[in-house]
Amino acid sequence: LIPAIKVKNLSFYYSKSKAIEGISMDIYQNQVTAIIGPSGCGKSTFIKTLNRISELEGSVKVEGSVEFLGQNIYNSRINLNQLRRQIGMVFQKPNPFSMSIYENVAYGMRISRRRSPTELDEIVESALKDAALWDEVKDKLNKSALGLSGGQQQRLCIARALAVKPKILLMDEPCSALDPIATMKVEELIHSLRSQLTIAIVTHNMQQATRVSDFTAFFSTDESRIGQMVEFGTTEQ
Ligand code: ADP
Ligand code: ADP
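1 is the number of the first residue of the sequence shown in the numbering used here; add one for each residue after it.
The structure is reproduced here in C-alpha cells:
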C-alpha cells in the first residue's frame with residue numbers, strides 16, 4: 001500500500017467555527033477510502049480540503065498539512081489549477097453544464113491545453129467508456145446533457161472528471177440524489193475505477209461504504225468530539 005495523500009493533524013475553521021479537528025490519515029493509491037459519519041460531522045469539508053476547494057466558501061483557517069506528490073498542498077507556492085486537475089471532484093447533486101454531452105466531457109481538456117479534434121474525440125469516448133456511459137450516449141453526443149436522467153448525469157460528471165486524467169477522484173455523497181438502480185451503477189463504477197486511480201468517497205450510508213470501499217474512516221458521532229476522526233481501518237466486509 002502506497003499513500004497517495006498523507007493528511008497530518010488537519011483542522012479547518014469556517015470564520016470562527018471549527019468543522020474538522022486534528023485529522024491524520026493516509027489515503028492509499030488505487031484504493032477506495034470511505035469517509036463516514038453523521039450529518040454535520042465535517043465529511044464534506046474534509047474531502048474538499050484535499051483539493052483546496054473548502055476554502056472557496058469564504059474566510060477560513062487551516063492548520064496542519066496535506067501532502068500530495070511529496071508537497072504540502074497548503075504551501076503558498078502550489079499551483080491550484082494544476083492541483084484541482086490532479087485531484088478531481090464529483091458532487092452530491094449531478095451538476096452537468098448546460099452544454100452538449102460531448103462538450104461537458106471535453107470541457108476540462110479545452111481549458112487546460114490545445115488538442116486536435118481527433119484527440120478530443122478519443123478522450124471523450126474513452127472517458128465516457130470509463131464512466132460506463134458510452135453505450136447509452138454514443139448516438140446523441142451533441143444533445144444537451146440536461147436531457148439525461150439523474151443517474152446518467154452523475155456518470156457524465158464522473159466522465160468529465162476522468163477526462164483530465166486525475167490521480168485522485170473525490171466524491172461527496174455521489175449517490176444520495178440517485179434512485180437505487182442508478183446508485184448501483186455508480187457503485188459498480190467506483191469499484192472498477194480504482195484500478196486506474198485513487199478514490200475518496202463521502203457517504204453517510206454504512207452499507208454503501210461496505211459495498212464500495214477498501215478503507216473506512218469514521219468521523220465522530222459524539223457532539224463533544226465533532227469534526228474528529230475516531231477510527232480508521234480496512235472496511236469490514
Ligand atoms: P457533513 O459533510 O459531514 O454533513 P460538513 O462538512 O458539510 O459536514 O459541515 C461541517 C460543519 O461545518 C457543519 O457544522 C456545517 O454547518 C459547517 N459548514 C459547512 N459549510 C460551511 C460554510 N460554508 N460556512 C460555515 N459553516 C459551514
Ligand atoms: P453538502 O454536504 O453537499 O455541501 P449541504 O446542504 O450540507 O450540502 O450544504 C450546501 C451548501 O451550503 C454547501 O456549499 C455547504 O458548504 C454550505 N453550508 C453548509 N452549512 C453551512 C453553514 N452553516 N453556513 C454556511 N454555509 C453552509
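Think of the CB as a built atom: it goes at the ideal place given N, C-alpha and C, for glycine as much as any other residue.
Computed from a predicted model, the values in this text were never measured in an experiment.
Here's a check: name, in chain order, each residue in its chain whose Cβ is nearer than 7 Å to the Cβ of L128, leaving out the five neighbours to either side. V105, W134, V137 and A159
Considering only heavy atoms of ligand 1 and the C-beta of each residue, which residues fall inside 5 Å, strictly closer? Y14, A19, S39, G40, C41, G42, K43, S44, T45 and E57
Return helix, strand or coil for V164, following the three-state DSSP convention. coil
Boundaries of the beta strand (DSSP E) in which I27 is found, first to last residue: S17 to Y28
As a quick exercise: from Y14, T221, Y28 and L197, pick the residue whose alpha carbon is nearest that of I5. Among Y14, T221, Y28 and L197, the Cα nearest to that of I5 belongs to Y28.
Residues that DSSP places opposite A34 in a beta bridge: I201 and T216
Check T210 in the structure and name its three-state DSSP category. helix
Exposed unless 16 or more other CB atoms sit within 10 angstroms - verdict on L193: buried
Look at the Cβ atom of L156, then the Cβ atom of A163, and state whether they are nearer than 7 Å. no
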